[in-house]
Amino acid sequence: MISTNSFNNSRSTISGIPVHELAEQFGTPLYVYDLSVIEKRIDELSKFDVVRYAQKACGNLAILDRMRKRGVVVDAVSAGEIHRALLAGYSGDPSKAEIVYTADLFDRASLELAVEHALVVNCGSPDMISQLGELRPGAEITLRINPGFGHGHSQKTNTGGEQSKHGIWHTQIDDCLLRADQTGVTVTGLHMHIGSGTDLEHLSEVCDAMEKAAMTVGRTIHTISAGGGLPVPYRDDETYVDLDQYFDLWDAVRNRLSERFGHHISLEIEPGRFLAAESGYLIAEVRSVKRMGENLFALVDAGFNDLARPVMYGSYHPISVSAKSGDASERESVPVVVGGPLCESGDIFTQREGGYVDSRLLPAPRVGDYIVLENAGAYGFVMASNYNSKQRAAEVLIENGSAKLIRQRESFEDLTRGEMIPE
Ligand code: LLP
């Protein structure tokens, strides 16, 4: 079923807990995740045989642990993400395929770990097949195929077509099978991910491409992965993909392949944003309200070092005001530009692609209020940096009505760890 979301520009609680209590207890800027939202999204994907979370969207160990306990497995795109998955309790046992390393290259550390733990590898470049095969002859691999087209919410999140570095070009499957034979590895699955934040029309095109690719590989195929890319609404007029329709398209491909190959084909989906985005909020405190000509600026203590999506893609995040005291919804709404503390003009949360500053109608903010940047659970904290020597924020998980710290705010010592001044 397709539904939309509707956002308010004022908010006093997150999952029943007052915003000011969260801010006072844990400090700001603060990432807060509502586990019940993640669980709901997981349940909505239950028709797929395997839900493989793209942990790059939000990789905190506590989130991975809770996903694991709900039957969700993970992908890993780096040695660090393999470590993270193991620490969160995922098994490296290849027969369980709980962790799949999916990338377009092996750096030395990831190759070492993939071999040490005999991980299933989803190869995004022909060279990966040979590099793995040399060290692990007999391995079973999957291939990430670039079907020759792609689509994303931004050109930077489009992962298909010849402008993209991702995947194995769709006409090179035969060459890859030859490479696989030469090093004694078997291609047991195929994967396609054409981009992040796309739409049903583009996602559906992948089905045909997958079927064609699977016919080229043949009967060794046991899994097909639809990749990630499911959008979530960030604005009132945006919608979810019709999941029933999406599943039916993929199920039909899977059934045709199962019939053709004479064995069950497992159908995977690999979402990041869909599972994590709407669970997450970034709370920041308003530290200054000032007028610059026509524009009213609210400057908060979170910047693009905390949430990079607006500066990076011009992404829109719903923003709400939580009053320090009283109810923000009773105030008059005024156009506000929301910016952060960084020494850079681009440190604006209300901007369009290209860096154009926009304003947002918000209850007139006052110093000491909180601004809540919503739908910030995916590609939020994980893209945070220490730019301007800012400490990365704390993270909190709300579970069964209580707020639990799942990552400490960084300290000043963390900021200089590993640095040294030579004699
Ligand atoms: N699988 C693969 C191979 C991917 O590369 C990605 C995302 C996903 C799954 C998950 O895609 P999702 O379901 O989250 O759309 N930083 C950008 C998004 C980059 C996505 C990179 N790959 C953003 O903030 O929008």
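Read in the working numbering, the sequence shown has 60 at position 60, and its numbers run on one by one without any break. Idealized CB from N, CA, C, for every residue including glycine. Model, not experiment: these values are computed from the prediction.
Would you list the one or two residues that DSSP bridges to residue i?
i	result
tyrosine 387	Looking at the DSSP assignment, tyrosine 387 forms no beta bridge with any residue, so it has no partner.
serine 10	Val321
arginine 352	Tyr356
serine 402	Glu399
lysine 290	Phe297
asparagine 146	Trp169
serine 266	Thr223
asparagine 158	Gly195
alanine 54	Asp75
aspartate 34	Ile398
glutamate 285	Tyr370
valine 382	DSSP output for valine 382 lists no bridge partner at all.
valine 121	Tyr101, Ile141
Which stretch, first to last residue, makes up the beta strand (DSSP E) that contains residue i?
i	result
aspartate 75	73 to 76
serine 333	333 to 339
valine 103	The question names valine, but residue 103 in the sequence shown is alanine. Segment 99 to 103, the beta strand (DSSP E) holding alanine 103.
Please identify the residue among the options whose C-alpha is closest to the C-alpha of residue i.
i	options	result
leucine 200	Lys165, Trp250, Glu374, Ile63	Trp250
alanine 57	Gly368, Ile38, Ile129	Ile38
leucine 35	Ser15, Arg331, His202	Ser15
leucine 61	Ser322, Asn9, Arg84	Arg84
alanine 54	Asp104, Gly195, Asp244, Gly272	Gly272
leucine 362	Gly377, Ser333, Thr350, Leu373	Ser333
serine 279	Glu24, Ile42, Asn9, Pro29	Ile42
aspartate 358	Arg407, Ala103, Glu24, Leu296	Leu296
isoleucine 141	Arg179, Gly150, Gly161	Arg179
tyrosine 316	Cys343, Asn375, Ala328	Asn375
Verify whether the separation of the beta carbon atoms of residue i and residue j is less than 8 Å.
i	j	result
glycine 355	phenylalanine 304	no
arginine 256	glutamate 211	yes
histidine 263	histidine 222	yes
valine 338	arginine 360	yes
arginine 68	alanine 88	yes
valine 396	valine 19	no
leucine 275	valine 217	no
tyrosine 379	arginine 309	yes
tyrosine 240	proline 318	no
arginine 291	aspartate 301	no
leucine 86	tyrosine 101	no
glycine 189	isoleucine 145	no
glycine 167	glycine 124	yes
leucine 282	leucine 299	no
glutamate 268	alanine 213	no
Could you check what DSSP says for residue i in three-state terms: helix, strand or coil?
i	result
glutamine 408	coil
methionine 1	Confidence at methionine 1 is low in this model, with a pLDDT of 40, below 50, so the placement of that residue is unreliable and no value is reported for it.
glycine 225	One detail in the question is off: residue 225 reads as serine in this sequence, not glycine. It is a strand residue.
aspartate 242	coil
alanine 114	helix
glutamate 374	strand
histidine 191	strand
cysteine 445	In the structure as shown, the chain starts at 1 and stops at 423, and residue 445 therefore has no counterpart that could be examined.
tyrosine 313	helix
proline 126	helix
aspartate 174	helix
threonine 416	helix
glutamate 423	coil
alanine 364	coil
glycine 138	coil
valine 232	coil
glycine 280	strand
serine 46	coil
alanine 96	According to the sequence provided, residue 96 is lysine. The question's alanine does not apply to it. In this structure, lysine 96 counts as coil in the three-state DSSP scheme.
leucine 132	helix
glycine 16	coil
serine 258	helix
serine 164	coil
aspartate 248	helix
leucine 87	helix
glycine 272	coil
Counting only beta-carbon atoms, is residue i nearer than 8 Å to chain B?
i	result
glycine 133	You won't find chain B in this structure, because it holds only one protein chain.
Between which two residues does the alpha helix (DSSP H) containing residue i stretch?
i	result
valine 206	200 to 217
valine 185	Counting along the chain, valine 185 falls outside any alpha helix (DSSP H), and DSSP gives it neither H nor E.
leucine 22	19 to 26
arginine 66	61 to 69
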